[in-house]
Amino acid sequence: MTIVLIISAKFSICFCILIGRMYWDLNYISSINIIMPIFNLLKQKDFRLFIIGNSINELAFMSRLTAIGWLSYEISDSAMFVGLVATSASLSMSIFSFFGGVLADKISKPKLIFVSKFIESFIILFTAFLIQSDKLNELSLLILMFCMGIMAALYIPSRMGFVKELVGARLLLSANAVDFGFMTLVGAFTPAITGLIIENFSVQISLYFSFFAYSIHNIIILFLRNKGIVYKIRNQLKIVESIRFILRLNIVQYLLLMMLAVAILVWGLETLAPVIAKDIFELGPTGFGILLSIGSLGATISSFSIASFNDLNINKLLFSSLVGAGISLIVFAFVNNYVLGIAIFGLIFAFGAASENAVSTLTQNSVPDSMRGKVISLQTLTWGFSGLSGLLGGYLSEIYSIQIVIFCAGILIIFFTPIVKPIAINSQRMKIM
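Per the numbering used here, residue 41 is the first one in the sequence shown, and the count goes up by one each step.
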């Protein structure tokens, strides 16, 4: 375990060097063979700046996620409460998601990104103060997570919708994959380091670090030259009409089902990671952090692989990633060996990232640009269900076992794979690449 932590520390240093070279040395990127779309994207200054900001944001987010996840299990010793904490944030994110999508189309997306993250950073700071003063209880933690979910509902449609405004429709799949890849690259070392901080220092130290990282992210966002597009076509911005228009599209209906499947059955596993670490592998906070890190590393490799290919068939990518995720979940349910377990955990996240990139690209290209924020809000809504599924998964884990819950998730996601066929038919009809 010590070796893994040393590797994580070296990995984080290399990541910082890479980020620095990306920003300051344009010739470094230009000198690389630009056959792959990833390098063409990174030559764009605003996109590079956006990726750097998002990477630092993910550093803050994963530090907070690891700390709160471990804290919720420590103060309650209940798998169900872990799910309840995730549900608290997910519920508010789902409730306010469409409101966030409407704002994303009416207001400058970078401005909305800044405001939502500014408020969230102070919620985290307040949480750390409560822990340090020994005044945090289960109810206050649930309330704080509910508030963070509201900020996520405002943030996600703007952040995801802004990518297309930076790179255009043709490079959207690669851009989404690069964005997701750098996010998960940060997630590959942050949980392990956060777990080490929690084990040797305290939870609140990791939250103070999260606040500091969010503050840096907000400063970077202010330096973007591209301030986003504000759509002023009123009849397309009315909430009721927008919902009706979007949900009447067959491809959106099928994609919504696919979003729910991936969010609940794949990403829901992340919510239950503290239970998996403690009950299956008998790990402490450091081992829990490493488990999340390996998951993120798998997602990183998957995302950068997608970004490196030209003219990738999105529908075939979606189908193969769903089948792979289902099989990996089924196998993971029978594994008790820690080394083998974390390897398969990384594989699950790799397939999850591939399906997420495919669904995100298809979703954004399925509606007019003036409704992009709103259709992304549907994806945000489904992500909220990943936390809600944590509550159900935690409850079922206490009645049966976490292994049975994981096994059933694998079976269910394979049952969803036939939906890819009507998605492919509709996407070809709409000429979505």
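Each residue gets a CB set at the ideal place from its N, CA and C atoms; glycine is no exception.
If you're wondering where the values come from, they're calculated on a predicted model, not measured in any experiment.
- Annotated as distal: Leu-262 and Phe-158, with beta-carbon spacing of 8 Å or more.
- With fewer than 16 neighbouring CB atoms inside 10 Å of its own CB, Glu-322 falls in the exposed class.
- Secondary structure within the segment 401 to 456: the alpha helix (DSSP H) runs of 4 or more consecutive residues, fully enclosed, are 412 to 439, 442 to 455 (chain order).
- In the structure shown, Gly-381 falls within a helical segment according to DSSP collapsed to helix, strand and coil.
- Burial is judged here by how many other beta carbons sit within 10 angstroms of a residue's own beta carbon; Phe-90 has at least 16 and is buried.
- If only complete runs of 4 or more residues are kept, the segment 329 to 393 shows the alpha helix (DSSP H) at 354 to 372, in order along the chain.
- Remark: C-beta atoms of Ala-373 and Ile-446 approach each other more closely than 8 Å.
- Annotation: the continuous alpha helix (DSSP H) that includes Val-125 extends over 119 to 146.
- By the neighbour-count criterion, in which a residue is buried when 16 or more other Cβ atoms sit within 10 angstroms of its Cβ, Pro-197 is buried.
- Leu-352 and Leu-213 do touch by the CB rule: their CB atoms are close to 7 Å apart, below 8 Å.
- Separation of Ser-441 and Ala-119 (C-alpha to C-alpha, rounded to the nearest whole angstrom) is 10 Å.
- DSSP, reduced to helix, strand and coil, places Asp-319 within a helical segment of the structure shown.
- In its chain, beyond the 5 residues on either side, Gln-244 have a beta carbon closer than 6 Å to the beta carbon of Gln-172.
- Just measuring C-alpha positions, the residue of Leu-309, Asn-377, Arg-199 sitting nearest Ile-453 is Leu-309.
- With the rule of 3 Cβ pairs closer than 8 Å, the segment 189 to 207 does not count as touching the segment 286 to 297.
- Cα atoms of Asn-355 and Ile-334: separation of roughly 27 Å, rounded to the nearest angstrom.
- Judged by their CB atoms, Lys-414 and Val-218 are not nearer to each other than the 8 Å cut-off.
- In the DSSP assignment, Trp-110 falls within the unbroken alpha helix (DSSP H) covering 85 to 116.
- Lys-461 and Leu-165 have their C-alpha atoms some 47 Å from each other.
- Spatial neighbours of Ile-269 in its own chain (CB-CB distance under 7 Å, excluding positions within 5 residues in sequence) are listed in chain order as Glu-205.
- Counting only residues of its own chain and dropping the five nearest sequence neighbours on each side, Gly-109 has a CB closer than 6 Å to the CB of Pro-314.
- Looking from the CA of Phe-456, the closest CA among Phe-79, Ala-303, Phe-139 belongs to Ala-303.
- Counting along the chain, Phe-229 sits inside no alpha helix (DSSP H), nor does DSSP assign it H or E at all.
- Judged by their CB atoms, Val-207 and Ala-215 are nearer to each other than the 8 Å cut-off.
- According to the DSSP assignment, Ala-193 belongs to the alpha helix (DSSP H) that extends over 178 to 207.
- For Met-102, same chain residues with a beta-carbon under 8 Å away, outside a window of 5 residues either side, are Val-226, Gly-227, Thr-230, Pro-231, Thr-234, Leu-332, Ser-336 in chain order.
- At least 8 Å separates the beta-carbon of Ile-238 from that of Pro-150.
- In the structure shown, Ile-269 falls within a coil segment according to DSSP collapsed to helix, strand and coil.
- When the Cα atoms are used, Cys-448 and Ile-260 turn out to be separated by approximately 43 Å.
- Assignment of Ser-395 by DSSP, reduced to helix, strand and coil, places it in the helix class.
- Following the DSSP letters along the chain, one finds Ser-255 inside the alpha helix (DSSP H) bounded by residues 243 to 262.
- In the three-state reduction of the DSSP assignment, Ser-161 falls in the helix class, which pools H, G and I.
- Separation of Ala-398 and Leu-358 (C-alpha to C-alpha, rounded to the nearest whole angstrom) is 6 Å.
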